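These protein sequence lines are chains A, B and C, in that order.
Using this note's numbering, you'd call the opening residue of the first sequence number 3 and step up by one each time.
Using this note's numbering, you'd call the opening residue of the second sequence number 5 and step up by one each time.
Using this note's numbering, you'd call the opening residue of the third sequence number -18 and step up by one each time.
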Amino acid sequence: MLDFALKISVALFAIAIVLNLYRVAVGPSLPDRILALDTMYVNSIALIVLFGIWLGHRTYFEAALLIAMLGFVSTVAVCKYLLRGDIIE
Amino acid sequence: MSLLLIVLLPLLGSLLPSLSSNQRRHQCALLTAAMPLIALLVTLRETPGVIAGEVPRLAFSWVPALGLDLALRLDGLSLLFVLLILGIGLLIILYARHYLSEADNMPRFYAYLMLFMTSMLGIVMADNLILLWMFWELTSLSSFLLIGFWSHQSAARKGARMALAVTGMGGLALLAGLILIGQIVGTFDMQTVLDSRDVILADPRYLPALLLILLGAFTKSAQFPFQFWLPQAMAAPTPVSAFLHSATMVKAGVFLLARLHPALAGSQEWLYLVSLTGLVTMLYGAYFALIKLDLKTILAYSTVSHLGLITMLFGLNSQMAVVAGLFHILNHATFKAALFMTAGIVDHECGTRDIRKLKGLWRYMPMTTALAAITAASMAGFPLLNGFLSKEMMLAETLETPLLGGLAWLIPVLATIGSILAAAYSLRYVRNTFFDGKPRELEKTPHEASFPMRLPVLVLAIVCIIIGLFPAFSATGILTTAADAALTMPAPELHLSIWHGFNLPLLMSAIALIGGFMVYVLRQHLFTFHRQFPSRNSLAIFEGAVQRLVRFTQWGIDTLENGSLQRYMLWVVISALAVSGMSLMGIETLKGELAVQKADPLLIVGAAITCFAGLATAFLHRRRLISLIMLSVVGLMASLAFARFSAPDLALTQLAVEVVTVILLMLALFFLPQKTPKESSASRIVRDVLLAAGFGGVVASLNYALLTRPLNSISDYFLEHSVSGGGGHNVVNVILVDFRGFDTLGEITVLCIAGIGIYKLLNRLRLFMPSSDSEGRPWSPDRYPMILASVSQSLLPMALLVSVFIFLRGHNAPGGGFIAGLVTAVALILMYIAHGVEWAQQRLSFQYQPIAVSGVAIATLTGVGSWAFGYPFLTSAFGHFHIPLIGDVELATAMLFDLGVYLTVVGATLMILANLGKVTTSHRPSKQKEKA
Amino acid sequence: MIALYTLMEGVIAFFLIAGSIFALIGSLGLARMKDFYMRLHGPSKISTLGVGCVLLASIAYFSLLNGGPSLQELLITIFLFITAPVSAHLLSKSALHQKLPRDPRTRGNPEELQEDDDETTLEEAPQGSSKLP
């Protein structure tokens, strides 16, 4: 049961990521693309956690943690750029 | 051991003057003089032994792979020069004490002088060809410092540069020649080389080696056509000229001829090259010494002339000529050093060296006049003085040379003409300066120099007279020993005496003196004649040549390195393509014996996304921000791929680097032009597409070929020894901080230096700041959105906790200092983004440079620490500990090393990002000011 | 015990499926909605919830595996739940700043999007530009 659920779950997240990529590519505006990239980061966290469950090992925990943290910072930086141009002022 | 002392004491002496201050000049001179004085005493203690025929030698192996030994010898030739260098050097120290003015930095001068003295002693005592060359180059460098001592004068700088360029070039040629000799003989050991004349002369490489060595010797000794640098070097302070350009530096060239005489001389090539060059130089120098108007320039040209004379003697392939050459080295050093010092005294007391202004100085400085007259008479070859003796020997030798065969009579005739000119310019030097009317247009009234300043001249003049009157008593011993060394056979029986009876050389000497007087009387005609030549300034010609060379190389650089990044990338990619393409063509089939892994749908989707995003990054490159977002997608996919293929460390690093890069690019994008440049031309697009496709194809094939072949890599070793050898379960981290710790140390050092470099470059940088985005919208007025500011502040402790967690677990689980450092840096950068530089700086009130530097220091010290326990650099120790609450921990010294890595990364990253952010802050009104 | 395992497996599977469906819906919304303001809703709320569910599943799974509570994933969850609103806020702020076009059905009329408010922004724009020394 768990195996099956994992497979379904991975497939759905993969589709979600493809949908995000579609939005990144199409836009039309920059905030759209940034939003899509941010969502992609979030979905990647889920994918990595799913890898972990699949392997039954916590090796990927740090990776998921870092995506959560760094993805946020990168989104903030790009947004700040759109708003102010100068991200550190 | 005493040999080492002779060289090392002056070297130590070059440090001593700096202990004294510029104000305490007496103390400074005494301190400086102490070391060479001791060295002179040591040498004198050795002297009886050397004269009796001993050759003290000393050798330490230094760099055996290069054939370089720290080998010294003190044979007769060395002894002669060591005594000259130390003796005249001491007189120069005394003289310089009174010559240098208050404005000159005396400790610095003495330090340079002693450095020069050391290198000169090294040349004459070296018992190894490479060691000799090393000291040779050191004289070039230290003489550069000395000639350019008055660095505020353009002439001094240019003269120093010219001397360095010419002698440095000669030095390189010399090195090449010495290496050739070393290859012919099979060793660089001096004695072996000197003993293998037959081997050397028979070798086909003899001629090139000889030419290269002569190039070195001739540039150093200012032989024609390299004579031009010596007169320009007269911009040096007079003590320097008296030391370098009479007794030592320029004598290094002729010393080399004497030193290598046993090994190289005897061939026709040697005879013609050396003696004719010497002859031409002698005449050329003598003529210009008669023409020139500046006292020191006159002396410089006369030095050129005398060096030519000595060179000619060494070239004649006659034993007695070598003895005469050595004798003249000794005599020339004494009278020329004294003459330079008198010129210095005149300059010092009158403020000018122009011979047209100076006249009748005997009224004001009778003592100096007398000394100048004695030494100049010696230079002219006046009987009862030392110059006469060696000059007569020279004339006698020219009569016997086989040079030029049937035209051999030309040699003594030309030598006599040279002597006539020498007598004439000596007379001119003394009469025009000290007699012949009254001085005019002098800036100050001249007066006699102080006694200490005259003392060195007096000593040298007395030496001139003693050798002149009692040659057999004073000079025979040392000359015979020196000649023994320069000939590697017992020197011919030497009968130095004033009177040999009426013979041809005596007649020639008489002709030279009388002819010199007549030329002097009739000199105005010569000057009138000389004026017909267009005047040529060797300095201007040399500078012109240098400028042309610089322009040429600049052109070369501009053509190759035109600043276009595309072009550099083009060459890098093409060469990478060529190298890897070649090796790919070398294998038979692309696919190896391993089976290909099955691709599941997830992998295919991931690969497709990566390809798409990669292509989009390239196609959208003109819309920079979108391209950057696409690049982030590629980065994210790369780290997912790393995770999927069980490389969590790589995934973490990729993520952290990705975000730091994005921040960096965002910072940079702000300053870039808003409008992207024009699209490339069609042909360029074709070129780039072809190149990129080719490169991609080659890299993909390479990967495919590698992955389908069983690979016997070192990774098994690492996996096996990670716990036992490094005390960690995370092999990647153990490799980084332990097995390959030295690499990591190098890398963090580079990172630290790069950070400091960027910090320096950004310092006070002012850039154009756009006031609106690319579509013309003004920036939002909300600088620090409140929600972001408060939330990110509350995230900071969590982020720091995460980085500590990653750091601590790094040795056993994915993580480590590098990633933890990046996480900390990003967390702190978030503060800068959310709150601004001002806010962050108030709270992070420390500099980042010390952090980065202390990181490197900690890592280095950890490595050094293992020495204390008798292990090699960077050996790590580790142990297993149980800490309450946290659990079992493997603690290794590698953790300390990792701490260094962590600190360096934090410091360097923040140094770069925060300072790049600060670029705009300095010229933006601060928040406080706005409120006020 | 076996019953507990089966039950837990069911719970984990449920969270996995639910989470991935949420995430898919969120991403679908991002792809399908008409304007940015609508699109913002999907990812910022539903996707976050979806990942939260997956993280819960992971917590449950590893607690089961290790035979004790295993709460490390909670850290990720907290992180996400704190940061998602901030990102959404910043994104909407930049969208308003860029005056992105609205679908007629999008409600609300924030002052940033009104046409006649240009005079306030100019004087507070970053200074020092185009008049460098």
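Backbone N, C-alpha and C fix where the C-beta goes; we use that ideal spot for every residue, glycine too.
In this text, all values refer to a predicted model and were calculated from it rather than measured experimentally.
Candidates the options, of which the one nearest residue i by Cα
i: Val44(A); options: Leu640(B), Pro14(B), Gly560(B) and Ser685(B); result: Leu640(B)
i: Ile295(B); options: Gly567(B), Tyr429(B), Gly163(B) and Ile378(B); result: Tyr429(B)
i: Ala177(B); options: Thr563(B), Trp137(B) and Leu594(B); result: Trp137(B)
i: Pro52(B); options: Leu84(B), Leu511(B) and Thr36(B); result: Leu84(B)
i: Arg29(B); options: Ser105(B), Val86(B), Leu431(B) and Thr924(B); result: Ser105(B)
i: Trp140(B); options: Phe811(B), Pro460(B) and Phe259(B); result: Phe259(B)
i: Lys9(A); options: Phe53(A), Val80(A), Gly87(A) and Phe63(A); result: Phe53(A)
i: Val841(B); options: Ala793(B), Glu353(B), Tyr368(B) and Ser870(B); result: Ala793(B)
i: Ala574(B); options: Arg628(B), Leu606(B) and Leu695(B); result: One point to set straight first is that residue 574(B) is Leu, not Ala, in the sequence displayed. That would be Leu695(B), whose Cα lies nearest to the Cα of Leu574(B).
i: Leu72(B); options: Leu133(B), Leu903(B), Gly441(B) and Val857(B); result: Leu133(B)
i: Asn321(B); options: Gln658(B), Tyr788(B), Gly825(B) and Val278(B); result: Val278(B)
i: Leu940(B); options: Ser158(B), Gly701(B), Ile518(B) and Leu530(B); result: With chain B represented from 5 up to 936, any question about residue 940(B) goes unanswered, as that position is not in the structure.
Cβ neighbours of residue i in the same chain (closer than 7 Å, five flanking residues each side left out)
i: Leu32(A); result: Leu84
i: Glu273(B); result: Leu211 and Leu214
i: Ala844(B); result: Met835 and Tyr836
i: Ala347(B); result: Thr242, Leu299, Lys300, Leu303 and Arg357
i: Met(-11)(C); result: Ala41 and Leu45
i: Glu547(B); result: Lys162
i: Met286(B); result: Ser309, Gly312, Leu313, Met316 and Gly422
i: Ala4(C); result: Ser28, Gly31 and Val32
i: Ser155(B); result: Arg161
i: Asn26(B); result: Asn109, Met110 and Pro111
i: Met398(B); result: Leu313, Leu317, Ala328, His332 and Ala419
i: Thr621(B); result: Ser631, Met634, Leu635 and Val638
Cut-off 6 Å between Cβ atoms - residues of its own chain near residue i, not counting five sequence neighbours on either side
i: His310(B); result: His336
i: Phe822(B); result: Val905 and Val909
i: Ser75(C); result: none
i: Ala617(B); result: Met634, Val637 and Val638
i: Glu662(B); result: Gly639
i: Tyr18(C); result: Thr87
Buried or exposed (CB count within 10 angstroms, at least 16 for buried), residue i
i: Gly520(B); result: buried
i: His332(B); result: buried
i: Arg360(B); result: exposed
i: Asp351(B); result: buried
i: Val80(A); result: buried
i: Ile578(B); result: exposed
i: Pro801(B); result: exposed
i: Asp653(B); result: buried
i: Cys756(B); result: buried
i: Tyr763(B); result: buried
Contact under 7 Å by Cβ, residue i with residue j
i: Ala651(B); j: Ala65(A); result: no
i: Ala341(B); j: Leu81(B); result: no
i: Ser25(C); j: Ala69(C); result: yes
i: Gly921(B); j: Ile90(A); result: yes
i: Phe937(B); j: Met383(B); result: As displayed, chain B neither begins before 5 nor continues past 936, which places residue 937(B) out of reach and without an answer.
i: Met3(A); j: Ala41(C); result: no
i: Cys34(C); j: Phe(-4)(C); result: yes
i: Leu914(B); j: Ala803(B); result: no
i: Glu353(B); j: Ala453(B); result: yes
i: Phe232(B); j: Val284(B); result: no
i: Asn919(B); j: Leu766(B); result: yes
Same chain, Cβ closer than 8 Å to residue i, neighbours up to 5 away in sequence not counted
i: Pro370(B); result: Glu452
Problem - Sequence ranges, alpha helix (DSSP H) only - wholly within the segment 574 to 626 of chain B, length at least 4 - result: The segment 574 to 626 of chain B contains these whole alpha helix (DSSP H) runs: 605 to 623.
Exercise for the section: Entirely within the segment 84 to 145 of chain B and at least 3 residues each: give me those beta strand (DSSP E) ranges in chain order. Expected result: none
Handout entry: Entirely enclosed alpha helix (DSSP H) segments - the segment 43 to 88 of chain C, minimum 4 residues
Key = 53 to 78
Practice task
Would you mind listing the alpha helix (DSSP H) stretches within the segment 510 to 534 of chain B that are 4+ residues and don't spill past its ends, in chain order?
Solution key: 527 to 534
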